[in-house]
Amino acid sequence: MKFYSTKNKNNRVSLKDAVLTGMPSDNGLYMPEAIPVVDSGIIKKLDSMSFQEISFEIAKKFFDKDIPVPILEEIVNDAINFDAPLVKLTDRLYVLELFHGPTLAFKDFGARFMSRVMAYFIRETSGSLNILVATSGDTGSAVANGFFRVPGINIIILYPSGKISSIQEQQIATLDENVIALEVDGTFDDCQRLVKKAFLDPELANVMKLSSANSINIARLIPQLFYYFRAYAQFVKNNGAAPVFSVPSGNFGNLTAGLLANKMGLPVSGFVASTNINSVVPEYLENGTYVPRKSVETISNAMDVGDPSNFARMLDIYDNDVNLMRKNIEGFSFTDEQTRRNISDVFKKYGYILDPHGSVACLGIEKYFNVRADGRGIFFATAHPSKFLDVVEPCINKKVEMPERLRSCMDRPKRSVKISSGYDYLRAFLLKRYG
Ligand SMILES: *Cc1c(COP(=O)(O)O)cnc(C)c1O
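The sequence shown begins at 0 in numbering that gives the first Met the number 0 and counts up by one.
Right, dumping it as structure tokens:
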């Protein structure tokens, strides 16, 4: 399958080029040239398939011409080696737990899959590949973990100094070897801007191979479709009807994956774009104009994004028609105070502990239910609550247990490199180290 740029549909490249470059040179985003359809026979028997079987079925639809099918199956089985259980809170309200991977966040799905696809493609090329990643928290740890010690690949992770949790920082900045953590004196938007600039810098391109691993990479987006199919299968078994999905959103990769799953034929009764006060997409849905702005810090910091990168893909899916988008997506945003109160309420009502991102998604679906008495569906819990102890514990008045794989990285020494947010500093660092 070929992939086109959202800026120019005639600019088409192979999967290998789309994955290894990450982003087209015209500054658009890659999209699959055709959205494959999953036939209804398969949709009906999803609930008799394992998560890995479902994932392989979806992956084949996009990649079977570009990666030999037995290798693709290995990649899927190796990457998706943990579950995404659906937990029932009430008859109409379910939570999909996406935090059972190695770094306890949903980004493990994308990062683990993408790293293995890239490793497959670079086996055939010479010279090492340098992957630049801007992270507002969980991307960095998932990517670092996914690529750690993959031969021929260096990972350079940029994160905003002091603006991610200490647990996230420990997961990113203690690995070393092929994983370099750059601690940027600035915001997440600064980090994203630096990375984008580096990709468009012709002089860097001359001396080193650069690639991205953000949610803009198509190999990170596709595996996020897998759990929509899985969740649907678990949900219809008990409900009969198609669910609404409430997705806690920052760069909107997760939600975009849901829109693609829906286009492939997955029955969905609607989507809720749930954000913190960085609410440019809910505002777009409300008044039809997109006004990107500087991000604001919140307690759900992986969603502190003022100009979501996947918005271009959302526009592409709906042919730039806000009315079409409105038919499928509702947007709601919530303050930190609401998010905290909801963590406390949900714990009191159901004994269930949410992290701040999951809490935003939960608020979104409840607001959706307020106007649809017959609504039923699923919200996503994208991170384990123990990654946000400082926020969660005071809300529930109780200790949150930290899984062992998280606890073990808390004692390792931090090894970040501090840089200022001016582009020249990043450029000089890259040229010196990898040029
Ligand atoms: C990245 C992230 C999000 C936002 O996902 P997008 O695909 O960027 O919208 C939500 N929750 C957590 C925990 C994250 O790490």
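Yeah, the Cβ is synthetic: ideal placement off N, Cα and C, and Gly gets one too.
Considering only ALA197, ILE395, SER164, the residue with the shortest C-alpha distance to GLY421 is ALA197. Inclusion of SER248 in the 7 Å shell around ligand 1 follows from its C-beta lying nearer than that to a non-hydrogen atom of the ligand.
Of the residues assessed, VAL116 falls on the buried side of the cut-off, its CB having 16 or more other CB atoms within 10 angstroms. Remark: fewer than three beta-carbon pairs, one from each stretch, lie closer than 8 Å, so the region 161-178 and the region 202-214 are not flagged as touching. Around the Cβ of ALA180, a 10 Å sphere holds 16 or more other Cβ atoms; the residue is buried. By the neighbour-count criterion, in which a residue is buried when 16 or more other Cβ atoms sit within 10 angstroms of its Cβ, LEU199 is exposed. The C-beta of ALA33 has fewer than 16 other C-beta atoms within 10 Å across all chains shown, which makes the residue exposed. Under the three-state reduction of DSSP, GLY151 is assigned to coil, being neither helix nor strand. Annotation for MET302 indicates a beta carbon within 7 Å of some heavy atom of ligand 1. Annotation for THR381 indicates a beta carbon within 7 Å of some heavy atom of ligand 1.
Counting along the chain, no alpha helix (DSSP H) covers ILE179; the unbroken beta strand (DSSP E) around it starts and ends at 178-184. Straight-line measurement puts the Cα of GLN167 at about 15 Å from the Cα of ALA110. Under a 10 Å Cβ-count criterion, GLU400 is classified as exposed, with fewer than 16 other Cβ atoms of the shown protein chains found around its own Cβ. For PHE225, the CB stays at least 7 Å from every heavy atom of ligand 1. Here the region 41-56 does not lie against the region 325-341, with fewer than 3 beta-carbon pairs under 8 Å apart. The count of Cβ pairs closer than 8 Å, one atom from the region 215-223 and one from the region 263-276, stays below three, leaving the stretches out of contact.
Residues of the same chain with a CB within less than 7 Å of the CB of LYS87, apart from the 5 flanking positions on each side, are TYR93 in chain order.
In the structure shown, LEU199 falls within a coil segment according to DSSP collapsed to helix, strand and coil.
Taking each of THR288, GLY27, ASP175 in turn and checking the Cα distance to VAL149, the smallest one comes out for ASP175. In the displayed model, ARG122 falls within coil according to three-state DSSP, outside both helix and strand. DSSP places PRO31 inside the beta strand (DSSP E), whose first and last residues are 29-31. The continuous alpha helix (DSSP H) containing TYR231 extends over residues 222-238.
In the DSSP assignment, ASN9 falls within the beta strand (DSSP E) that extends over 7-12.
For ALA58, the uninterrupted alpha helix (DSSP H) segment begins and ends at 50-62. As DSSP reads the structure, LYS208 sits in a beta bridge with LEU128. Around the beta carbon of THR134, 16 or more other beta carbons lie within 10 angstroms, which makes this residue buried. Taken in chain order, the complete alpha helix (DSSP H) segments of 4 or more residues contained in the region 259-309 are 279-286.
For GLY376, the enclosing beta strand (DSSP E) begins and ends at 376-380.
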